[in-house]
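Peer 1:
There are 4 protein chains.
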Amino acid sequence: MESAQTSAAGVARKVSEYMLRHDRASGHLGITIESVDEGHAVLAMTVRNDMLNGLDILHGGVTFTLADSAFAFACNSRNRKTVALNCTVSFVAAAREGDVLTATAREVSLSGRTGIYDVSVRNQKDELIAEFRGTSYGTSSPVI
Amino acid sequence: MESAQTSAAGVARKVSEYMLRHDRASGHLGITIESVDEGHAVLAMTVRNDMLNGLDILHGGVTFTLADSAFAFACNSRNRKTVALNCTVSFVAAAREGDVLTATAREVSLSGRTGIYDVSVRNQKDELIAEFRGTSYGTSSPVI
Amino acid sequence: MESAQTSAAGVARKVSEYMLRHDRASGHLGITIESVDEGHAVLAMTVRNDMLNGLDILHGGVTFTLADSAFAFACNSRNRKTVALNCTVSFVAAAREGDVLTATAREVSLSGRTGIYDVSVRNQKDELIAEFRGTSYGTSSPVI
Amino acid sequence: MESAQTSAAGVARKVSEYMLRHDRASGHLGITIESVDEGHAVLAMTVRNDMLNGLDILHGGVTFTLADSAFAFACNSRNRKTVALNCTVSFVAAAREGDVLTATAREVSLSGRTGIYDVSVRNQKDELIAEFRGTSYGTSSPVI
């Protein structure tokens with residue numbers, strides 16, 4: 001019988017928890033893991049005052065960091081150390097203090113060493129805040 | 145006689161200083177303005193331990209935030225409030241604790257409301273860390 | 289009672305047929321309209337020998353042109369003349385002579401003048417060939 | 433003494449001429465090689481009536497194809513077979529029938545298997561028409 005520890009979803013969870021625990025940069029953003037599985041990750045984050053830019057809206061760099069973390073957890077979910085080659089992000093609507101954002105990453109393709117992942121960032125009203133696409137490159141090492 | 149306050153470079157400096165002062169998200173990154181002018185901006189940042197990810201290298205979200213700030217200062221430099229439509233970033237090499245990064249933004253084109261800005265992020269050895277391209281959209285409001 | 293000519297889908301079809309008829313560049317590619325509606329378009333194209341590159345696979349420029357046309361029909365579907373600001377395309381797998389490609393465009397967001405459209409290009413086995421994302425900018429003129 | 437056939441520039445020229453000769457898709461566009469060297473390529477093309485879209489301006493797919501060819505010649509210039517992972521293109525100004533376009537590709541970075549190439553497409557007045565960025569992935573095979 002397959003236990004949660006050895007199933008695909010169990011591996012994905014262990015890897016993402018390891019990555020989040022060791023990630024000092026995103027740690028102070030209060031990001032939490034809602035769910036994670038092979039090629040998928042859903043993260044949540046509440047917008048705080050110290051995340052705002054000079055226009056009193058969420059800084060694009062913080063939006064990017066949230067989406068990038070979801071991308072990282074999705075593309076490392078098989079415990080193969082995988083890095084970002086490039087990313088694009090489209091900013092659709094502003095997020096404001098108190099908003100609860102959800103970043104949902106899904107694997108669009110994975111062939112050989114390279115993969116494509118789309119991440120949608122939405123607020124508590126399910127309004128689209130940003131749309132992110134990352135291209136990944138898999139190394140030969142495990143994450144943990 | 146044109147004073148520093150009213151020259152193009154003077155306006156660019158006043159706007160960027162205003163933006164940096166009110167930007168809580170990038171404020172804690174210790175970003176400094178090296179130079180700024182119409183359509184241009186050069187920023188610097190030292191990589192600290194609390195900016196690293198689980199692999200002990202600079203988090204891509206922090207690299208993005210530095211480049212995005214240089215982009216913002218360059219595209220707002222004429223005191224026209226301008227927002228990012230979308231951005232792409234290519235990660236070329238890893239940055240490590242203690243590295244001093246410089247983000248240099250230049251205006252590739254500006255026609256009507258939309259502009260293109262390229263930002264190169266380099267370390268203290270002039271090695272390319274990341275290459276960023278942002279597309280901007282100008283509103284009808286001033287920044288300050 | 290609303291007729292096909294005045295319904296949203298009817299407008300979308302009339303605009304896309306007009307655009308395809310006047311488009312000399314994509315005309316010789318044998319592109320056909322499978323379906324079109326507000327914010328959506330599905331096109332088909334058969335890969336011919338004269339579309340191949342030096343490696344005997346479909347030229348990326350032809351793949352792009354097919355996806356770009358689907359994007360154009362989707363973002364002009366409300367009869368508002370709309371142009372491309374920028375596009376990204378990821379090449380996932382090679383297409384070969386005789387393959388029948390389908391490009392499916394969907395509207396990810398439309399707010400104010402700017403929109404985001406994703407286009408998937410798949411072959412007759414439903415394998416992903418390329419993934420395209422276009423950012424549009426709406427003018428104040430009608431298409432027809 | 434190094435001959436033109438064995439120098440870096442000579443290899444680049446032989447590879448690009450081979451690629452152009454075997455490329456049926458871009459062959460009919462009348463693209464010519466202005467210059468080519470390690471990591472660089474300059475191509476030219478005159479805009480013909482059969483390259484126009486329904487708005488009587490150059491089709492974005494043709495602009496992309498020209499830039500993509502310059503990218504391909506630059507990234508294959510060392511005779512290592514190299515493919516495109518993804519590309520972005522920003523459309524800056526319209527090109528019209530009779531315009532003579534020049535696509536200039538330069539290597540922004542090359543590390544390991546992946547490279548970044550920027551291609552500027554300009555008209556006979558040196559006005560920017562489009563700005564293209566391609567990410568390449570090198571295989572283990574030679575081109576010729």
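Residue numbers (the working numbering), protein chains in the order written: chain A, 1 to 144; chain B, 145 to 288; chain C, 289 to 432; chain D, 433 to 576. In this text, a Cβ means the ideal position worked out from N, Cα and C, and glycines have one as well.
#1: Would you kindly work out how many angstroms separate the C-alpha atoms of residue 266 (chain B) and residue 114 (chain A), rounded to a whole number?
#2: Give a yes or no on contact between the stretch 482-500 of chain D and the stretch 516-525 of chain D, applying the rule of three or more CB pairs nearer than 8 Å.
#3: Which residues in chain D sit within 8 Å of residue 85 (chain A), going by Cβ to Cβ distance?
#4: Pick out whichever of B:198, B:240, B:221 has its Cα sitting closest to the Cα of residue 286 (chain B).
#5: Counting only C-beta atoms, is residue 434 (chain D) closer than 8 Å to chain B at any point?
#6: Excluding sequence positions up to five away, which residues of its chain have a Cβ less than 7 Å from the Cβ of residue 417 (chain C)?
#7: For a contact defined as C-beta to C-beta under 9 Å, what are the partners of residue 396 (chain C) on chain A?
#8: Over the uninterrupted alpha helix (DSSP H) stretch that includes residue 170 (chain B), give me the two end residues.
#9: Can the beta-carbon of residue 251 (chain C) be found closer than 8 Å to that of residue 415 (chain C)?
#10: If you follow the beta strand (DSSP E) that residue 329 (chain C) is part of, which residue opens it and which one closes it?
#11: Between the Cα of residue 200 (chain B) and those of A:136, A:56, A:19, A:140, spot the shortest distance and give me the residue it belongs to.
#12: To the nearest angstrom, how far is it from the Cα of residue 298 (chain C) to the Cα of residue 322 (chain C)?
#13: On a CA-only basis, which of D:490, D:461, D:576, D:444 is nearest residue 506 (chain D)? Give me that one, please.
#14: According to DSSP, is residue 113 (chain A) helix, strand or coil?
#15: By a C-beta neighbour count over all protein chains shown, 10 Å radius and 16 as the cutoff for buried, is residue 39 (chain A) buried or exposed?
#16: Does any residue of chain B have a CB that is nearer than 8 Å to the CB of residue 117 (chain A)?
#17: For residue 448 (chain D) and residue 513 (chain D), what's the separation of their Cα atoms in angstroms?
#18: Check each candidate in B:197, B:248, B:255 and name the one with the smallest Cα separation from residue 83 (chain A).
#19: Consider the C-beta atom of residue 28 (chain A) and the heavy atoms of the ligand ADP; say whether any pair is separated by less than 7 Å.
#20: Quick one: using the 10 Å Cβ neighbour count with 16 as the cut-off for buried, is residue 136 (chain A) buried or exposed?
#21: Which residues does DSSP pair with residue 465 (chain D) in a beta bridge?
#22: Where do the ends of the beta strand (DSSP E) carrying residue 516 (chain D) lie?
#23: Quick one: is residue 277 (chain B) buried, meaning 16 or more other Cβ sit within 10 Å of its Cβ, or exposed?
#24: Exposed or buried, what is residue 458 (chain D) when buried is set at 16 or more other beta-carbons lying within 10 Å of its beta-carbon?
#25: When the Cα atoms are used, what is the spatial distance from residue 490 (chain D) to residue 320 (chain C)?
#26: Can you give me the C-alpha to C-alpha distance between residue 373 (chain C) and residue 261 (chain B), rounded to a whole angstrom?
#27: Once you ignore the five residues that flank residue 109 (chain A) on each side, which residues in its own chain have a CB closer than 8 Å to its CB?
#28: Whole angstroms are fine: how far does the CA of residue 275 (chain B) sit from the CA of residue 194 (chain B)?
#29: Let me know the secondary structure DSSP gives residue 264 (chain B) once reduced to three states.
#30: Within 10 angstroms of the Cβ of residue 492 (chain D), are there 16 or more other Cβ atoms? Answer buried if so, exposed if not.
#31: So with Cβ pairs under 8 Å, would you call residue 472 (chain D) a contact of chain C?
#32: I'd like to confirm the pairing. Which residues does DSSP put opposite residue 101 (chain A) in its beta bridges?
#33: Who are residue 277 (chain B)'s beta bridge partners in DSSP?
#34: Quick check: what's the CA-CA separation for residue 185 (chain B) versus residue 71 (chain A)?
#35: Secondary structure at residue 575 (chain D), three-state DSSP: helix, strand or coil?
#36: Go to residue 414 (chain C), then tell me how far its alpha helix (DSSP H) extends in each direction, as first and last residue.
Peer 2: With the given structure in hand:
#1: Distance between the alpha carbons of residue 266 (chain B) and residue 114 (chain A): 25 Å.
#2: Contact check between the stretch 482-500 of chain D and the stretch 516-525 of chain D: three or more CB pairs, one atom from each, fall below 8 Å, which counts as touching.
#3: Close to residue 85 (chain A), with beta-carbon spacing below 8 Å, are these residues of chain D in chain order: 517, 546, 567.
#4: Relative to residue 286 (chain B), the option among B:198, B:240, B:221 whose CA is nearest is B:221.
#5: Its pLDDT being 49, under 50, residue 434 (chain D) is placed unreliably in this model, and the value from its coordinates should be taken loosely. Chain B contact via Cβ: absent.
#6: Excluding its 5 nearest sequence neighbours in each direction, residue 417 (chain C) has C-beta neighbours in its own chain below 7 Å: 351, 380, 381, 383, 389, 409, 410, 411, listed in chain order.
#7: Simply 90, 92, 120, 128, 131.
#8: From DSSP, the alpha helix (DSSP H) with residue 170 (chain B) extends over 168-171.
#9: An answer regarding residue 251 (chain C) cannot be provided, because it is not within the stretch 289 to 432 covered by chain C.
#10: According to the DSSP assignment, residue 329 (chain C) belongs to the beta strand (DSSP E) that extends over 328-334.
#11: Per the Cα distances, A:19.
#12: Here the alpha carbon of residue 298 (chain C) sits roughly 14 Å from the alpha carbon of residue 322 (chain C).
#13: For the residues D:490, D:461, D:576, D:444, the minimum Cα distance to residue 506 (chain D) belongs to D:444.
#14: In the three-state scheme derived from DSSP, where H, G and I count as helix and E and B as strand, residue 113 (chain A) is classed as coil.
#15: Buried.
#16: Closer than 8 Å: no.
#17: The straight-line gap from Cα to Cα measures roughly 12 Å.
#18: Taking the Cα of residue 83 (chain A) as reference, the smallest distance to any Cα among B:197, B:248, B:255 is reached at B:197.
#19: Among the components of this structure there are no ligands whatsoever, and the ligand ADP is therefore not found.
#20: Counting other Cβ atoms within 10 Å of its Cβ, residue 136 (chain A) reaches 16 or more and is therefore classed as buried.
#21: Its beta-bridge partners are D:475.
#22: Looking at the DSSP string, the run of the beta strand (DSSP E) that includes residue 516 (chain D) is 514-523.
#23: Buried: at least 16 other Cβ atoms inside 10 Å.
#24: By the neighbour-count rule (16 or more Cβ atoms within 10 Å), residue 458 (chain D) is buried.
#25: Rounded to the nearest whole angstrom, the C-alpha separation of residue 490 (chain D) and residue 320 (chain C) is 20 Å.
#26: Straight-line Cα distance between these residues: approximately 14 Å.
#27: The residues 115, 116, in chain order, have a CB closer than 8 Å to that of residue 109 (chain A) in the same chain once the five nearest residues on each side in sequence are set aside.
#28: Their backbone Cα atoms lie some 23 Å apart in a straight line.
#29: Note: residue 264 (chain B) maps to strand in three-state DSSP.
#30: Buried: at least 16 other Cβ atoms inside 10 Å.
#31: By this cut-off, residue 472 (chain D) is not an interface position.
#32: Note: residue 101 (chain A) sits in a beta bridge opposite A:45.
#33: According to DSSP, which records beta bridges pairwise, residue 277 (chain B) is partnered with B:232, B:262.
#34: Each residue's alpha carbon lies about 29 Å from the other.
#35: DSSP places residue 575 (chain D) in coil when its eight states are reduced to three.
#36: Counting along the chain, no alpha helix (DSSP H) covers residue 414 (chain C), and no H or E run does either.
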